[in-house]
Amino acid sequence: MAMYEIHHLEYDPVACIKEFWQRYDMDSCRNHLVELLTIYLDRERKVNPAISAADVQHFTIALFRMLMAYFIIHYQRINLSGIEISFLRSNRFIACELESSKEIYDFFCQLSQNH
């Protein structure tokens, strides 16, 4: 239904995006995506999931809804610059997380350039 609800008269792609980021942060997105890949790649090994199947299903639906919302925003050229989106985590936490990931990225770039 996520693909078709974009045609509902009261559909608001910005509200959809806000709802997603209020519920999930980058860390939980990464964990859910790893879980999805683990389920896909290890389905024959019967691995005990780290995240419940219901949570993975809810995340997958929410992620697809958000992707559809971003698509509609891009397609309709909706300007997001003046829209305030509150995130699950604080801006300070997000900034620290981005800085840490940048340091890791830079480290591996240096390693690859030296070899």
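If you read the sequence shown in this note's numbering, its first letter stands for residue 18, the second for the next number, and so on. Ideal placement from N, C-alpha and C gives every residue a C-beta, glycine not left out. Computed from a predicted structure; not experimentally measured.
| Check | Outcome |
| --- | --- |
| Counting pairs of beta carbons, one from the segment 49 to 56 and one from the segment 81 to 93, are three or more of them closer than 8 angstroms? | no |
| Which term fits Cys33, buried or exposed, when burial requires 16 or more other beta carbons within 10 angstroms of its beta carbon? | buried |
| Where does His49 sit, in a helix, a strand or coil, going by DSSP? | helix |
| For Ile111, which residues from the same chain have a beta carbon less than 6 angstroms from its beta carbon, with the 5 sequence-adjacent residues on both sides left out? | none |
| Out of curiosity, what's the CA-to-CA distance linking Ser45 and Leu97? | 24 angstroms |
| Could you check how far apart the C-beta atoms of Asn48 and Ile68 are, in whole angstroms? I think they sit under 8 angstroms. | 7 angstroms |
| Give the straight-line distance between the Cα atoms of Val73 and Phe104, rounded to the nearest whole angstrom. | 20 angstroms |
| Under 8 angstroms, do Ile100 and Val31 count as touching if we go by C-beta distance? | yes |
| Flag this pair as yes or no: are the beta carbons of Ile89 and Ile23 separated by less than 8 angstroms? | yes |
| Taking only three categories from DSSP, how would you classify Phe104? | coil |
| Under 6 angstroms Cβ to Cβ from Phe37, same chain only, skipping five residues before and after it: list those, please. | Ala79, Met83 |
| Please state whether DSSP places Asn131 in a helix, a strand or coil. | helix |
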